[in-house]
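In UniProt numbering, the protein residues as written are 1 to 467.
Written below as structure tokens is the structure these notes are about.
Shown next as structure tokens:
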């Protein structure tokens with residue numbers, strides 16, 4: 001009831017969305033494009049609307065086998081819940097309600113991995129201090145860049161509670177940039193973890209480089225606590241820190257002539273690759289047990305058993321997540337596309353009708369209320385406009401880089417230096433050119449689809465459990 005009420009179709013929201021889509025469609029046609037979805041693909045890795053569409057449907061189809069395996073596990077969990085509720089064994093379930101997906105995954109993880117107990121046992125290793133120090137250890141071994149905490153100068157911050165200043169330095173102790181990490185939770189602070197630039201790198205008239213200044217805004221701890229640096233964070237929050245610090249390092253490594261193409265100021269699909277790649281490092285058993293140490297006992301390592309359990313739980317149901325993201329990407333693409341956009345603008349179609357059509361084709365075994373309108377709460381439509389799929393492209397690209405350059409030698413300085421050089425170009429080169437520098441080839445739509453498909457198939461072998 002709560003889920004359906006929250007996501008219920010809202011005529012006012014629909015009118016706002018209709019106006020946005022209509023205006024974007026008019027803009028695209030005024031600038032010589034068939035649709036806004038065509039216009040948005042300029043300078044992207046996949047380059048055009050048709051290739052993006054083919055990529056997204058390819059992901060859905062190639063991940064379908066793994067998706068259905070994972071769904072069967074959840075259907076079994078749902079059937080057990082239904083039997084317990086009704087005290088009989090005659091319930092045949094072949095579909096799952098959309099609002100139950102997260103809950104059923106939670107039940108599975110609790111039963112299969114005893115995740116609450118393992119999380120509690122391993123929590124001393126996952127503190128704010130241990131995570132950023134672990135990240136610094138990783139980048140020092142990959143690029144020769146380490147992070148050092150610097151004291152905040154009077155007047156540098158309006159509110160210094162829960163804010164840390166990190167200086168990035170190279171092996172010659174040259175200053176490369178500054179990262180302000182704001183981890184406190186407070187009422188007046190914007191919600192949502194993010195990275196943004198205060199000042200970008202660029203080449204100055206004397207040939208030196210302007211030092212970038214960056215901010216990581218994270219909602220992790222109570223900043224008013226005197227022990228906030230050693231406050232424990234969840235496993236998911238630790239992974240998010242690595243993701244956002246990956247963005248920050250991209251900006252730190254930027255060495256472009258102009259600030260407007262420095263670091264993360266590049267096409268969306270490429271800007272998410274460094275951050276996604278850091279998630280692959282974080283998810284490697286050897287890397288995690290090597291770099292994540294207790295701050296109070298740095299000689300103590302996280303046990304392999306605990307790390308393996310945390311990672312197995314985290315990556316369960318990857319195929320469902322992948323197909324779901326592809327479906328959202330398809331909606332975001334098609335709502336700006338040449339067929340749907342004119343119909344929505346003229347009132348002949350609603351965004352809810354389009355969303356349900358796509359979801360029924362991509363995830364047919366997931367039931368949803370006909371009056372639900374998830375897309376009315378999907379703010380990425382505003383921010384990314386026909387580019388939400390970029391997350392999947394970035395993840396597939398990061399997967400290729402990890403598998404081909406770091407899987408067998410995660411701390412390779414050779415490939416670390418190569419990747420640092422690639423990141424230094426920011427948006428100065430086309431994404432395909434930059435990926436060729438690290439991979440040795442320009443990945444095609446099929447290469448990217450296959451990377452996600454193989455990953456989903458590998459992670460989809462989940463055992464049945466009793467809940």
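We put the beta carbon where it would ideally sit given N, CA and C, even for glycine.
Distances from the alpha-carbon of residue 68 to those of 37, 95, 133 put 95 closest. Under a 10 Å Cβ-count criterion, residue 181 is classified as buried, with 16 or more other Cβ atoms of the shown protein chains found around its own Cβ.
DSSP, read as helix, strand or coil, puts residue 81 in helix. Residue 40: not part of any alpha helix (DSSP H); DSSP gives it neither H nor E. Residues 381, 382 of the same chain have their beta carbon placed closer than 8 Å to that of residue 20, with the five preceding and five following residues left out of the count. Following the DSSP letters along the chain, one finds residue 454 inside the alpha helix (DSSP H) bounded by residues 445 to 459.
Using a 10 angstroms sphere on the CB of residue 151, the tally of other CB atoms stays under 16, which defines it as exposed.
Per the C-alpha coordinates, the member of 196, 366, 31, 283 positioned closest to residue 99 is 366. Around the beta-carbon of residue 315, fewer than 16 other beta-carbon atoms lie within 10 Å, marking it exposed.
Per the C-alpha coordinates, the member of 216, 42, 389, 70 positioned closest to residue 193 is 216. If you look at residue 148, you'll find it in the beta strand (DSSP E) that goes 146 to 150. DSSP places residue 210 outside both helix and strand once states are collapsed to three, so it counts as coil. Here the C-alpha atom of residue 399 lies approximately 43 Å from the C-alpha atom of residue 155. For residue 176, the enclosing beta strand (DSSP E) covers residues 175 to 184.
For residue 168, no alpha helix (DSSP H) segment is defined; the enclosing uninterrupted segment is the beta strand (DSSP E) at 163 to 169. In the displayed model, residue 194 falls within a strand according to three-state DSSP. Ranking 337, 73, 8, 140 by CA distance to the CA of residue 169 puts 140 first. Residue 254 carries a coil assignment under DSSP once its states are collapsed to helix, strand and coil.
Note that the segment 127 to 139 touches the segment 273 to 293; at least 3 beta-carbon pairs, one per stretch, sit closer than 8 Å. About 7 Å separates the CB atoms of residue 214 and residue 198; that is less than 8 Å, so the two are in contact. Residue 381: member of the alpha helix (DSSP H) spanning 380 to 384, first to last residue. For residue 216, the pairing in a beta bridge is given by DSSP as 181, 195. Residue 221 and residue 298 have their alpha carbons spaced roughly 22 Å apart.
Assignment of residue 116 by DSSP, reduced to helix, strand and coil, places it in the helix class. For secondary structure counted as the alpha helix (DSSP H) over 4 or more consecutive residues, the segment 295 to 336 holds these complete runs in sequence order: 304 to 314, 318 to 334.
Here the C-alpha atom of residue 415 lies approximately 11 Å from the C-alpha atom of residue 407.
Here DSSP, grouped into helix, strand and coil, assigns residue 372 to strand. Comparing C-alpha distances from residue 44 to each of 101, 265, 347 shows the shortest one belongs to 265. Where residue 157 is concerned, there is no enclosing alpha helix (DSSP H), because DSSP gives it neither an H nor an E.
Taking the Cβ atoms as the reference, residue 36 lies roughly 7 Å from residue 341, within the contact range of under 8 Å. Per DSSP, residue 346 is one residue of the alpha helix (DSSP H) stretching across 340 to 346.
Under the three-state reduction of DSSP output, residue 289 falls in the helix class. In this model, residue 60 and residue 372 are separated by some 22 Å (Cα to Cα). When secondary structure is reduced to three states using DSSP, residue 127 falls in the strand class. When the five nearest sequence neighbours on each side are left out, the beta carbons in the same chain lying within less than 6 Å of the beta carbon of residue 162 are those of 183, 184, 223, 228, in order along the chain. Note that the C-beta distance between residue 322 and residue 226 is not below 8 Å.
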